[in-house]
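Q: This is the structure I want to talk about, given as structure tokens.
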Amino acid sequence: MTSATSTELLELIDRADERGLAAAGLACLDRCLPLLAPEGAEVLRGVWAAVARGEDGAWVEAVGKARGELDGVGTGTGEVAVLVRGMLDGVPAAWAQAPLRAWAARCSEAALAVHGLYDATEAGPLRAGELLRQRAVLESAAHGPTGLRRARDLSTEGGRVLRAVVSRRARTA
1 MTSATSTELL
11 ELIDRADERG
21 LAAAGLACLD
31 RCLPLLAPEG
41 AEVLRGVWAA
51 VARGEDGAWV
61 EAVGKARGEL
71 DGVGTGTGEV
81 AVLVRGMLDG
91 VPAAWAQAPL
101 RAWAARCSEA
111 ALAVHGLYDA
121 TEAGPLRAGE
131 LLRQRAVLES
141 AAHGPTGLRR
151 ARDLSTEGGR
161 VLRAVVSRRA
171 RTA
């Protein structure tokens, strides 16, 4: 991760278990994917359920299904498309700490970059809010299914904020 990410967030990622790492990466993808595919958050429901189960088989099946449904999404060359597609393409097939940790870290950076593209200033409130949300997702996911529900709610809220900013920018452009 780059210096654009806080040390605290890096430490949370380093300490997270498989469920926390999967939730962290998935939450970043969940917030950003609707910029390319409005139905993207709905497609990821099954992957969220697999995170709740915390099983390799459920994860593999859910990820495969989501990839199939999202095949061809974000084929553009714009920076947002490249960043979000990278998150989607990078979802690890295995429920294991090392690949999930690497993916969560990449998703964190990509989501912060996406938010930074829509911020009014380099270190603006949209990016700062995303950084706080990522920390809260990791902290919440550490508390089992109840925490995972909160992590998903935080992700949903963050997605609405991002889409509202993008929509506002499109209207004023």
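Sequential numbering from 1 applies to the sequence shown in the working numbering.
Quick reminder that beta carbons are idealized off the backbone N, C-alpha and C, glycines included.
Nothing here was measured: the structure is a model prediction, and the numbers come from that model.
Looking at C-alpha atoms only, which residue of A37, E109, K65 is the closest neighbour of W48?
A: Residue mapping note: residue 48 aligns to position 48 of the sequence shown, counting from 1. Considering only alpha carbons, the answer is K65.
Q: Could you check if Q97 is buried or exposed, using at least 16 other CB atoms within 10 Å of its CB as the buried criterion?
A: Taking the sequence shown and counting its residues from 1, the one referred to as residue 97 is at position 97. The residue is exposed, with fewer than 16 neighbouring Cβ atoms inside 10 Å.
Q: Exposed or buried, A34, counting other C-beta atoms within 10 Å across all chains shown (16 or more means buried)?
A: Here residue 34 is taken as the residue at index 34 of the sequence shown, counted from 1. According to the sequence displayed, residue 34 carries Pro and not Ala. P34 comes out buried.
Q: Are the Cβ atoms of Q134 and L9 separated by less than 8 Å?
A: Here residue 134 is taken as the residue at index 134 of the sequence shown, counted from 1. Here residue 9 is taken as the residue at index 9 of the sequence shown, counted from 1. Going by C-beta atoms, Q134 is nearer than 8 Å to L9.
Q: Where does M1 sit, in a helix, a strand or coil, going by DSSP?
A: Taking the sequence shown and counting its residues from 1, one reaches residue 1 at position 1. Residue placement at M1 is flagged as unreliable, the pLDDT there being 46, under the threshold of 50; the coordinate-derived value follows with that caveat. M1 falls in the coil class under three-state DSSP.
Q: Helix, strand or coil: how does DSSP classify G72 here?
A: For the purposes of this step, residue 72 is taken as the residue at position 72 of the sequence shown. In this structure, G72 counts as coil in the three-state DSSP scheme.
Q: Could you check the C-alpha separation between L148 and A52 for me, to the nearest Å?
A: Mapped onto the sequence shown, residue 148 falls at position 148. Mapped onto the sequence shown, residue 52 falls at position 52. Rounded to whole angstroms, L148 to A52 spans 7 Å at the Cα level.
Q: Out of curiosity, what's the CA-to-CA distance linking A41 and R31?
A: As a working mapping, residue 41 is identified with position 41 in the sequence shown. As a working mapping, residue 31 is identified with position 31 in the sequence shown. Spanning the two alpha carbons is a distance of roughly 8 Å.
Q: Between the stretch 79-90 and the stretch 102-110, do at least 3 Cβ pairs fall closer than 8 Å?
A: Segments in contact, yes.
Q: Could you say which of P125, S155, A105 lies nearest to E18 if we only look at CA atoms?
A: The count along the sequence shown starts at 1 and reaches residue 18 at position 18. Out of P125, S155, A105, A105 has the C-alpha closest to the C-alpha of E18.
Q: Using C-beta distances below 6 Å, list every residue in its chain close to A22, excluding the 5 sequence neighbours before and after it, in chain order.
A: In the sequence shown, counting from the first residue as 1, residue 22 sits at position 22. Cβ neighbours of A22 beyond the five flanking positions: V51, L100.
Q: How long is the line joining the alpha carbons of L44 and L117, rounded to whole angstroms?
A: Your numbering for residue 44 matches position 44 in the sequence shown. Your numbering for residue 117 matches position 117 in the sequence shown. Cα to Cα, the separation comes out at about 24 Å.
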